[in-house]
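Protein chains in written order, with our numbering: chain D, 8 to 151; chain X, 35 to 153.
Where a beta carbon is used, it is the ideal one built from N, C-alpha and C, also for glycine.
The structure appears below as structure tokens.
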């Protein structure tokens, strides 16, 4: 594994007002790679989904902290890790199925589907009662 | 802010001019204002105008699907109009085209509400 050329860490409480702050912060950090508007929008959307999951699912009964780490690599690869210490997911595979939701009503059940299709790689690790870690990767194309 | 969106009514048509960033946080306020207006004014056609939306995540899809069900239950209909190109990818992923609610180039700039798509 190569070393990142830059890294940022952000810890925020699970308040819904922080959803826009989280995605804007990641977007501002990766701006140094000079991404296209569409690549930036994809990453903002994926981060928004992951952070919303922490608020709506992981900490639905309580409040807690969301830990975001963003690393960028020489080859234009971005790795974003979003971790919580919330309730965890018993069946990750089921949770990742499009349209599956436990939140009811107004949640579309598309969070993981969006993270998956708006990034190059998605890994989800979870332990019930301990928390969930989502790792997403996307490579920003070098412009000629 | 989505919560400050303009609501326009013309007879039994309500147009919500959504604005800014639409996420889980801002969708809540938009939903509450739209639903209250639909119920109070016996709306038959609800138009969600996305022309002023700069960002949206799947909470926006939830907002659309929830209003679709609301209008179905009320015996009315829903239209999603003037979606900017940057939101199309997400709407495609969500399979919204299957609901046949998306309308393009709807003139909502002035006070008049009419569909220019077929002219």
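(message) Going by C-alpha to C-alpha distance, which of D:125, D:151, D:132 sits closest to residue 48 (chain D)?
(response) Mapped onto the first chain, residue 48 (chain D) falls at position 41. The shortest Cα separation from residue 48 (chain D) among D:125, D:151, D:132 belongs to D:125.
(message) Could you pull the DSSP bridge partners for residue 13 (chain D) from this structure?
(response) Locating residue 13 (chain D) in the first chain gives position 6, where the first residue counts as 1. For residue 13 (chain D), DSSP records a beta bridge to D:79.
(message) In chain order, what are the residue ranges of uninterrupted alpha helix (DSSP H) at least 4 long that sit wholly in the stretch 36-115 of chain X?
(response) 58-74, 92-107
(request) Would you kindly work out how many angstroms separate the C-alpha atoms of residue 146 (chain D) and residue 37 (chain D), rounded to a whole number? (result) Numbered from 1 along the first chain, position 139 holds the residue referred to as residue 146 (chain D). Numbered from 1 along the first chain, position 30 holds the residue referred to as residue 37 (chain D). Near 11 Å, if we compare the C-alpha coordinates of residue 37 (chain D) and residue 146 (chain D).
(request) Determine the direct distance from the alpha carbon of residue 115 (chain D) to that of residue 94 (chain X), and round the result to whole angstroms. (result) By 1-based counting over the second chain, the position of residue 94 (chain X) is 60. By 1-based counting over the first chain, the position of residue 115 (chain D) is 108. Answer to the nearest angstrom: the Cα atoms are 9 Å apart.
(request) Within the same chain, show all residues whose beta-carbon is closer than 6 Å to that of residue 150 (chain D), passing over the 5 residues directly before and after it, in chain order. (result) Numbered from its first residue, the first chain carries residue 150 (chain D) at position 143. So the list is empty, once near-sequence residues are dropped.
(message) What does the alpha-carbon distance come out to for the pair residue 47 (chain X) and residue 85 (chain D)?
(response) Taking the second chain and counting its residues from 1, one reaches residue 47 (chain X) at position 13. Taking the first chain and counting its residues from 1, one reaches residue 85 (chain D) at position 78. Near 46 Å, if we compare the C-alpha coordinates of residue 85 (chain D) and residue 47 (chain X).
(message) Please identify the residue among D:9, D:66, D:57, D:14 whose C-alpha is closest to the C-alpha of residue 30 (chain D).
(response) Residue numbering aside, residue 30 (chain D) sits at position 23 when the first chain is read from its first letter. With respect to the C-alpha of residue 30 (chain D), the residue from D:9, D:66, D:57, D:14 having the closest C-alpha is D:57.
(request) Following the continuous beta strand (DSSP E) through residue 89 (chain D), name the residue where it begins and the one where it ends. (result) Indexing the first chain from 1 puts residue 89 (chain D) at position 82. Segment 84-91, the beta strand (DSSP E) holding residue 89 (chain D).
(request) Find out if the Cβ-Cβ distance for the pair residue 127 (chain X), residue 121 (chain D) is shorter than 9 Å. (result) Start at 1 with the first residue of the second chain, and residue 127 (chain X) comes out as number 93. Start at 1 with the first residue of the first chain, and residue 121 (chain D) comes out as number 114. Cβ atoms of residue 127 (chain X) and residue 121 (chain D): closer than 9 Å.
(request) Please compile the residues from chain D whose C-beta is within a distance smaller than 8 Å of the C-beta of residue 65 (chain X). (result) If you number the second chain from 1, residue 65 (chain X) lands on position 31. Within 8 Å Cβ-Cβ: 113.
(request) List the residues of chain X whose Cβ lies closer than 9 Å to the Cβ of residue 52 (chain D), in chain order. (result) The residue labelled residue 52 (chain D) in the question sits at position 45 within the first chain. In chain order: 89, 90, 91, 92, 123, 124.
(message) Can you tell me whether residue 60 (chain X) is buried or exposed? The criterion is at least 16 other CB atoms within 10 Å of its CB, across all chains shown.
(response) Taking the second chain and counting its residues from 1, one reaches residue 60 (chain X) at position 26. Classification for residue 60 (chain X): buried.
(message) Pop quiz: residue 71 (chain D) and residue 21 (chain D) are said to be a contact at Cβ under 8 Å. What is the actual Cβ separation, rounded to whole angstroms?
(response) As a position in the first chain, residue 71 (chain D) is number 64, starting the count at 1. As a position in the first chain, residue 21 (chain D) is number 14, starting the count at 1. Contact holds; Cβ gap of about 5 Å.
(request) Show which residues of chain X have a CB atom less than 9 Å away from the CB atom of residue 59 (chain D). (result) Taking the first chain and counting its residues from 1, the one referred to as residue 59 (chain D) is at position 52. In chain order: 57, 58, 59, 91, 92, 93.
(message) Please tell me whether residue 52 (chain D) and residue 90 (chain D) are closer than 9 Å, where the distance is taken between their beta carbons.
(response) The residue labelled residue 52 (chain D) in the question sits at position 45 within the first chain. The residue labelled residue 90 (chain D) in the question sits at position 83 within the first chain. Contact flag unset, no.
(message) With H, G and I counted as helix, E and B as strand and the rest as coil, what does DSSP make of residue 20 (chain D)?
(response) The count along the first chain starts at 1 and reaches residue 20 (chain D) at position 13. Reduced to three states, the DSSP call for residue 20 (chain D) is strand.
(request) Anything in the stretch 62-77 of chain D with a Cβ closer than 9 Å to a Cβ of chain X? List those residues in chain order, please. (result) 62, 63
(request) Confirm, please, whether the CB-CB distance from residue 84 (chain X) to residue 57 (chain X) is below 9 Å. (result) As a first step, residue 57 (chain X) is located in the second chain; it is residue number 23 there, counting from the start. As a first step, residue 84 (chain X) is located in the second chain; it is residue number 50 there, counting from the start. Against a cut-off of 9 Å, the Cβ pair of residue 84 (chain X) and residue 57 (chain X) comes out as no contact.
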